[in-house]
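Asks:
2 protein chains.
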Amino acid sequence: MNAFDALGDPVRREILRLLAGGERPAGAIAQTIGERFGISQPAVSQHLKVLREQELVTVRSVGTRRFYAVNPAPLREIDDWLMAFRTFWEPALDALETEIARGKRQRRLAQDASPSDERKASA
Amino acid sequence: MNAFDALGDPVRREILRLLAGGERPAGAIAQTIGERFGISQPAVSQHLKVLREQELVTVRSVGTRRFYAVNPAPLREIDDWLMAFRTFWEPALDALETEIARGKRQRRLAQDASPSDERKASA
DNA sequence: GGTAAATATAACCATTGACTTATATTCAGT
DNA sequence: ACTGAATATAAGTCAATGGTTATATTTACC
Chain X
7 MNAFDALGDP
17 VRREILRLLA
27 GGERPAGAIA
37 QTIGERFGIS
47 QPAVSQHLKV
57 LREQELVTVR
67 SVGTRRFYAV
77 NPAPLREIDD
87 WLMAFRTFWE
97 PALDALETEI
107 ARGKRQRRLA
117 QDASPSDERK
127 ASA
Chain F
7 MNAFDALGDP
17 VRREILRLLA
27 GGERPAGAIA
37 QTIGERFGIS
47 QPAVSQHLKV
57 LREQELVTVR
67 SVGTRRFYAV
77 NPAPLREIDD
87 WLMAFRTFWE
97 PALDALETEI
107 ARGKRQRRLA
117 QDASPSDERK
127 ASA
């Protein structure tokens, strides 16, 4: 649940939001974010490093360019962490919602399983 | 969306999780958390201050005791922030789920409205 | 009003974090 | 091999953070 630490910084949150729209090369990120926050290319690069270390992003090299993309896994953990608090703003789930929530969870698990293990996780 | 900064600290996250189980006096929090992290009463008190400032908790005084409780509002904002990323791990919502999601959102809005404004937000 | 309990604040210190500028690395093209 | 583009790393600075001990504040109780 270490991802929270990385998300403590507004610059990094904004980088992620930018990447939510699809992968971007480091240069484009440095451009957009640097402008928006008034910080230099190295500064952005260092933020990208933190995001990499927390595995909030993945990188793909193409020539001299590095394309960053969101890695959703740690964000899902945050989503899970929030579960304990959802009772505060979600009235108790009724049966139907519970059913659907369970369906979602199973689909998610199915997605996590190795392909060889895809034992027909039918809806 | 400043709540993220406060949640960057594991001690504060743990305090919130503790409070998810119901309100607690500062002493009990200092006891539990202090033990768990090996930090002093003032240290915990300072964390509580940060949580107060970010409005992640509310306080209620009873005599010399101060009862802390979760204030869910900022956590909901985080929940909303995550929305932009849910598409990564949730397959596109089908019509039924969308309907239910909308219902939840409306119930939530109804809850936010001032009591005088409660215009029978029936399910 | 004095004392003790519960909690917060003050003052200080060490560490971490987020910048900066300068430089190294890596690859593409000539 | 040389050059330039894209990116990362190094080194240094400064402010913010999280801890400590000591003390102030508030309230209950005698």
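So the sequence lines, in the order shown, correspond to chains X and F.
Numbers given in this note's numbering equal positions in the first sequence, counted from 1, plus 6.
Numbers given in this note's numbering equal positions in the second sequence, counted from 1, plus 6.
Using N, Cα and C, we set each Cβ at its ideal position, and we do this for glycine too.
Note that the coordinates shown come from a computational prediction; the quantities given were computed from them, not determined experimentally.
(1) List, in order along the chain, the chain X residues whose C-beta lies closer than 7 Å to that of residue 3 (chain F)?
(2) Please tell me whether residue 10 (chain F) has its Cβ less than 8 Å away from any Cβ of chain X.
(3) Do you know offhand how far residue 95 (chain X)'s Cα is from residue 40 (chain F)'s?
(4) Quick one: using the 10 Å Cβ neighbour count with 16 as the cut-off for buried, is residue 82 (chain F) buried or exposed?
(5) How do the region 38–52 of chain X and the region 61–80 of chain X stand: do at least 3 beta-carbon pairs fall below 8 Å, yes or no?
(6) Between the Cα of residue 33 (chain X) and those of X:59, X:13, X:74 and X:20, spot the shortest distance and give me the residue it belongs to.
(7) Specify, as a first and last residue, the run of the beta strand (DSSP E) that residue 75 (chain X) falls within.
(8) Below 7 Å on C-beta distance, what does residue 43 (chain F) contact in chain X?
(9) Would you call residue 18 (chain F) buried or exposed, if buried means 16 or more other Cβ atoms sit within 10 Å of its Cβ?
(10) At the 8 Å Cβ level, is residue 54 (chain X) part of the contact set with chain F, yes or no?
(11) To the nearest angstrom, how far is the alpha carbon of residue 23 (chain F) from that of residue 97 (chain F)?
(12) Considering only residues of the same chain and omitting the five flanking positions on each side of residue 47 (chain F), which have a CB-CB separation below 7 Å?
(13) Take residue 26 (chain X) as the anchor and find which of X:92, X:77, X:68 and X:86 has the nearest alpha-carbon.
(14) For residue 24 (chain X), go through chain F and note every residue whose CB falls closer than 8 Å to its CB, in chain order.
(15) Give every residue of the same chain whose Cβ lies closer than 7 Å to the Cβ of residue 86 (chain X), excluding the five residues on either side of it in the sequence, and list them in chain order.
(16) Taking Cβ to Cβ, would you say residue 10 (chain X) is nearer than 8 Å to residue 14 (chain F)?
(17) Taking 8 Å as the CB-CB cut-off, is residue 94 (chain X) touching chain F?
(18) Pick out whichever of F:31, F:57 and F:30 has its Cα sitting closest to the Cα of residue 79 (chain F).
(19) Determine whether the beta carbon atoms of residue 84 (chain X) and residue 88 (chain F) lie at a separation below 8 Å.
(20) Can you give the Cα-Cα distance for residue 16 (chain X) and residue 49 (chain X), rounded to whole angstroms?
(21) So with Cβ pairs under 8 Å, would you call residue 88 (chain F) a contact of chain X?
(22) As a quick exercise: from F:12, F:71 and F:68, pick the residue whose alpha carbon is nearest that of residue 130 (chain F).
Replies: Concretely, from the data shown:
(1) Missing from the structure shown is residue 3 (chain F); chain F here goes from 7 to 129 and no further.
(2) The residue you call residue 10 (chain F) lines up with position 4 of the second sequence. Interface residue, yes.
(3) Along the first sequence, read from residue 1 onward, the residue named residue 95 (chain X) stands at position 89. Along the second sequence, read from residue 1 onward, the residue named residue 40 (chain F) stands at position 34. Rounded to the nearest angstrom, the two C-alpha atoms are 29 Å apart.
(4) Position 76 of the second sequence holds residue 82 (chain F). Buried is the call here.
(5) no
(6) For the purposes of this step, residue 33 (chain X) is taken as the residue at position 27 of the first sequence. With respect to the C-alpha of residue 33 (chain X), the residue from X:59, X:13, X:74 and X:20 having the closest C-alpha is X:74.
(7) Taking the first residue of the first sequence as 1, we reach residue 75 (chain X) at position 69. That run of the beta strand (DSSP E) goes 71–76.
(8) The residue given as residue 43 (chain F) occupies position 37 in the second sequence. Taking a Cβ-Cβ cut-off of 7 Å, residue 43 (chain F) has no neighbours in chain X, whose nearest Cβ is about 15 Å from it.
(9) What you label residue 18 (chain F) is simply residue 12 of the second sequence in a count that begins at 1. Buried, because 16 or more other Cβ atoms sit within 10 Å of the Cβ of residue 18 (chain F).
(10) The residue you call residue 54 (chain X) lines up with position 48 of the first sequence. Residue 54 (chain X) does not count as touching chain F.
(11) In the second sequence, the residue the question calls residue 23 (chain F) occupies position 17. In the second sequence, the residue the question calls residue 97 (chain F) occupies position 91. Using only the alpha carbons, I get a separation of about 29 Å.
(12) Position 41 of the second sequence, counted from the first residue, corresponds to residue 47 (chain F). Excluding residues within five positions, the ones whose Cβ falls inside 7 Å are 36 and 40.
(13) Counting from 1 along the first sequence, the entry for residue 26 (chain X) is found at position 20. Comparing Cα positions, the closest option is X:77.
(14) As a working note, residue 24 (chain X) is residue 18 in the first sequence. Within chain F, no residue comes near residue 24 (chain X); the closest Cβ sits about 10 Å away, beyond 8 Å.
(15) Taking the first residue of the first sequence as 1, we reach residue 86 (chain X) at position 80. So the list is empty, once near-sequence residues are dropped.
(16) Here residue 10 (chain X) refers to the residue found at position 4 when the first sequence is read from its first residue. Here residue 14 (chain F) refers to the residue found at position 8 when the second sequence is read from its first residue. A contact, by the Cβ cut-off of 8 Å.
(17) Mapped onto the first sequence, residue 94 (chain X) falls at position 88. For residue 94 (chain X), the answer is yes, since a Cβ of chain F falls inside 8 Å of its Cβ.
(18) Position 73 of the second sequence, counted from the start, is the residue given in the question as residue 79 (chain F). Taking only the C-alpha atoms, the option nearest residue 79 (chain F) is F:57.
(19) Here residue 84 (chain X) corresponds to residue number 78 of the first sequence, with the count starting at 1. Here residue 88 (chain F) corresponds to residue number 82 of the second sequence, with the count starting at 1. It is a contact, given that the beta carbons lie within the stated cut-off.
(20) Indexing the first sequence from 1 puts residue 16 (chain X) at position 10. Indexing the first sequence from 1 puts residue 49 (chain X) at position 43. Looking at the two C-alpha atoms, the distance is approximately 13 Å.
(21) The residue labelled residue 88 (chain F) in the question sits at position 82 within the second sequence. Residue contact check for residue 88 (chain F) against chain X: a CB pair falls below 8 Å.
(22) Since the first residue shown for chain F is 7 and the last is 129, residue 130 (chain F) is missing from the structure and cannot be characterised.
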